[in-house]
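Structure first, commentary second.
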Amino acid sequence: MSDLRLLSCARLLEQGQRLDQLSTGLSVVALASALLLAIQYQLMLVALLLVLVLLAGALEKYWAMRVAFDAALFARLAEADDLTAATVQLDDGLLGLGLMPAANVGRDWTLRCKGALGLLRKQGLALAAQLLLAVAAVAAGAFA
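When we follow the working numbering, the leftmost residue of the sequence shown carries the number 3, and every step to the right adds one.
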């Protein structure tokens, strides 16, 4: 994989920050709303849906951390003078920290990029779940 493709993959993964920011906003609104509705109006279904928004937000945060980590690695490796040597060092470091199984050592960068983009998709799906649950909570509150 060329340095430009690594950098392109890194820049694409960095877009996960925007998903994460939206998720954070939804989580804050969901928490405040759940507390107010559950206490003031006894709308337990709405409160439950908003708690599910928070759980989906926690899942999104996990994927956001993974995506940001990969984005930083891809950007750094795109700048490496010797990608092969840098890959060996990276694999050794990740293996030593327990962040990569031994079976993945030496994987092609195209496969690594596909895997990282899969994490970005999971992050997006967690955000989509948050949005759907938030809409369901609003609808449930409107018809309560």
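Every residue, glycine too, gets a C-beta built ideally from N, C-alpha and C.
Within 7 Å, strictly: CB atoms of residue i and residue j
i    : j    : result
A82  : A88  : yes
V55  : L129 : no
A66  : G18  : yes
L161 : A146 : Since the displayed the chain opens at 3 and closes at 146, residue 161 lies outside it and no answer follows.
A40  : A49  : yes
Spatial distance of residue i from residue j (CA atoms)
i    : j    : result
Q42  : D22  : 30 Å
V217 : S35  : Because the chain spans 3 through 146 in this model, residue 217 falls outside it and cannot be assessed.
E13  : G117 : The amino acid occupying residue 13 in the given sequence is Arg; Glu does not appear at that position. Each residue's Cα considered, the two are about 15 Å apart.
L99  : D5   : 25 Å
T112 : L51  : 39 Å
C11  : L97  : 22 Å
A144 : S25  : 23 Å
Residue from the options whose Cα sits closest to the Cα of residue i
i    : options                 : result
G27  : L92, G108 and A58       : A58
R68  : L39, G143, R114 and Q91 : R114
G126 : V48, E16, T86 and A138  : E16
A138 : P103, V107 and A32      : A32
As assigned by DSSP and simplified to three states, the class of residue i
i    : result
Q17  : coil
L24  : helix
E81  : coil
L61  : helix
F145 : coil
M46  : helix
Near the ligand FMN: residue i beta-carbon under 6 Å from a heavy atom
i    : result
L121 : Questions concerning the ligand FMN fall outside what the structure shown contains, since it holds no ligand whatsoever.
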